[in-house]
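Working notes, structure below.
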Amino acid sequence: MRVCVIGMGPIGNLHADIYKEDELVELVGVCDIIEERARRAGERLGVPWYLDAQEMLDQLKPDLCSVTTGGYEYGSDHYKPTMQALTAGSHVLCEKPICNEIEPAEKMVALAREKGLCLGINMNHRFTPAARMAKKWQNEGLIGDLLFVNMALWIGKFQELESPYYHLKALNPHSVDIMRHFCGDVEKVQCFAMKAPGRNIWSTASINMKFKNGMVGHLTSSYDIERGHPMERCEVAGTKGRFVLEDMWREVTLYPAGNMEKRVYTNPVFGGYRGFDDTFRCRIRSFVRQVADGVPPEEIDGSGADGLAAQKVIQAAIVSLDTGKVVDVDSI
449 MRVCVIGMGP IGNLHADIYK EDELVELVGV CDIIEERARR AGERLGVPWY LDAQEMLDQL
509 KPDLCSVTTG GYEYGSDHYK PTMQALTAGS HVLCEKPICN EIEPAEKMVA LAREKGLCLG
569 INMNHRFTPA ARMAKKWQNE GLIGDLLFVN MALWIGKFQE LESPYYHLKA LNPHSVDIMR
629 HFCGDVEKVQ CFAMKAPGRN IWSTASINMK FKNGMVGHLT SSYDIERGHP MERCEVAGTK
689 GRFVLEDMWR EVTLYPAGNM EKRVYTNPVF GGYRGFDDTF RCRIRSFVRQ VADGVPPEEI
749 DGSGADGLAA QKVIQAAIVS LDTGKVVDVD SI
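Quick note, the sequence shown lines up with residues 449 to 780 if you use our numbering.
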């Protein structure tokens, strides 16, 4: 398949490098509105470079595009190139968040559905051996009927940001997606947040959730803690046991109910994940293979619909924060 990348910052270059390694695709072009970034990436990768996505799509006619742009709240620039690529008949893997606003995100999902094309979102935290092992245990019935989930994700991001909701919209697509991946759709949301000393954004948040299946959950997220180890933790509990997934790929532990013997998957020293970039590699390769195998668009793992659902939960949290009320996600 012929592949293009739109948006050649560090993440776009990482996407391009992974495509260059993949025997199922051929990287044929890159694009960025900043000439220096487009030119430097094109020359480094040995492909034509463009300043206009529509021109690239018209000339190169790719089968698949990565959209790795940014914009306001790290998502506003995803809408236009995604719509252009889908209109041109290309499958799209878009960086998270799917979009920083709900209405454009809905249009992106609707157009992909109308065109019968695959739209995936880079929810790379679910694409690790540890996360897949946790899902395997769940599918085998080892967790039982779900009771609660506790999720936490924090990184240090201390620069001044343009939106008071930047942290909620840009970080939590990962958090909410992991919770939905294991626990299903969220029904109600209640959010509390704070602006840490010297901050102009809601930089640490506590979000309570009720899921449509009746279970309850909690998310703690923060931009106020120095990046280090650990940075992410997901605990899912049910009537037969619980698992704790730590740092995406590092380790997952199964605690069977009434049994003092636990089961542990630990990332191997040799042959395991070497760093965060490997989560991108696994996610991108998964998308490429699902497209190549003809997986129906509605069955894509980490789909546009999943990305939209996560953003609706986040928007419900923002409404709750602003109003002090519990918010129905279906009202968003």
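Using N, Cα and C, we set each Cβ at its ideal position, and we do this for glycine too.
Remember, predicted model here, so these are calculated numbers, not experimental data.
Kindly list the residues whose CB is nearer than 8 Å to the CB of Glu-491, restricted to its own chain and excluding five residues on each side of it in sequence; keep chain order.
One-based indexing of the sequence shown puts residue 491 at position 43. Only Trp-497 meet the Cβ criterion.
In the DSSP assignment, find the alpha helix (DSSP H) that holds Pro-782 and state where it starts and stops.
This structure does not reach residue 782, given that the chain is present from 449 up to 780, and the question cannot be answered.
What did DSSP end up calling Val-767 once you bin it into helix, strand or coil?
Reading the sequence shown from its first residue, position 319 is the one you call residue 767. Residue state, collapsed to three classes: helix.
How would you call Met-456, buried or exposed, if buried means at least 16 neighbouring beta carbons within 10 angstroms?
Locating residue 456 in the sequence shown gives position 8, where the first residue counts as 1. Counting Cβ neighbours within 10 Å, Met-456 comes out buried, since at least 16 surround it.
Looking at Leu-508: is its Cβ nearer than 7 Å to the Cβ of Ser-538?
Your numbering for residue 508 matches position 60 in the sequence shown. Your numbering for residue 538 matches position 90 in the sequence shown. No.
Simplified DSSP state of Phe-659, which is helix, strand or coil:
In the sequence shown, counting from the first residue as 1, residue 659 sits at position 211. Reduced to three states, the DSSP call for Phe-659 is strand.
Check the DSSP bridge columns for His-677 and list the partner residues they point to.
Position 229 of the sequence shown, counted from the start, is the residue given in the question as residue 677. His-677 pairs with nothing; no bridge assigned.
What do you reckon, are the CB atoms on Cys-547 and Val-515 nearer than 7 Å?
Taking the sequence shown and counting its residues from 1, the one referred to as residue 547 is at position 99. Taking the sequence shown and counting its residues from 1, the one referred to as residue 515 is at position 67. Not a contact, by the Cβ cut-off of 7 Å.
What are the uninterrupted segments assigned as alpha helix (DSSP H) that are 4 or more residues long and contained completely in the stretch 569-641, given in chain order?
577-587, 614-631
Could you tell me which of Thr-652, Glu-562, Tyr-671 sits nearest to Pro-745, measuring between CA atoms?
Within the sequence shown, the letter at position 297 stands for residue 745. The shortest C-alpha separation from Pro-745 is found at Glu-562.
In DSSP terms, what Leu-512 is bridged to:
In the sequence shown, the residue the question calls residue 512 occupies position 64. Paired residues: Val-451, His-539.
Report buried or exposed for Asn-461, applying the criterion of at least 16 other Cβ atoms within 10 angstroms of its Cβ.
Here residue 461 corresponds to residue number 13 of the sequence shown, with the count starting at 1. Under this definition Asn-461 is a buried residue.
Proximity winner among Asp-500, Glu-503, Glu-549, Met-504, relative to Gly-519 (alpha-carbon distances):
The sequence position of residue 519 within the sequence shown is 71, counting from 1. Ranking the options by Cα distance to Gly-519, first place goes to Glu-549.
Is the distance from the Cβ of Ala-653 to the Cβ of Ser-669 below 7 Å?
Working through the sequence shown from its first residue, we reach residue 653 at position 205. Working through the sequence shown from its first residue, we reach residue 669 at position 221. Ser-669 is positioned such that its CB atom lies closer than 7 Å to that of Ala-653.
Can you give me the C-alpha to C-alpha distance between Pro-678 and Leu-769, rounded to a whole angstrom?
The sequence position of residue 678 within the sequence shown is 230, counting from 1. The sequence position of residue 769 within the sequence shown is 321, counting from 1. Answer to the nearest angstrom: the Cα atoms are 27 Å apart.
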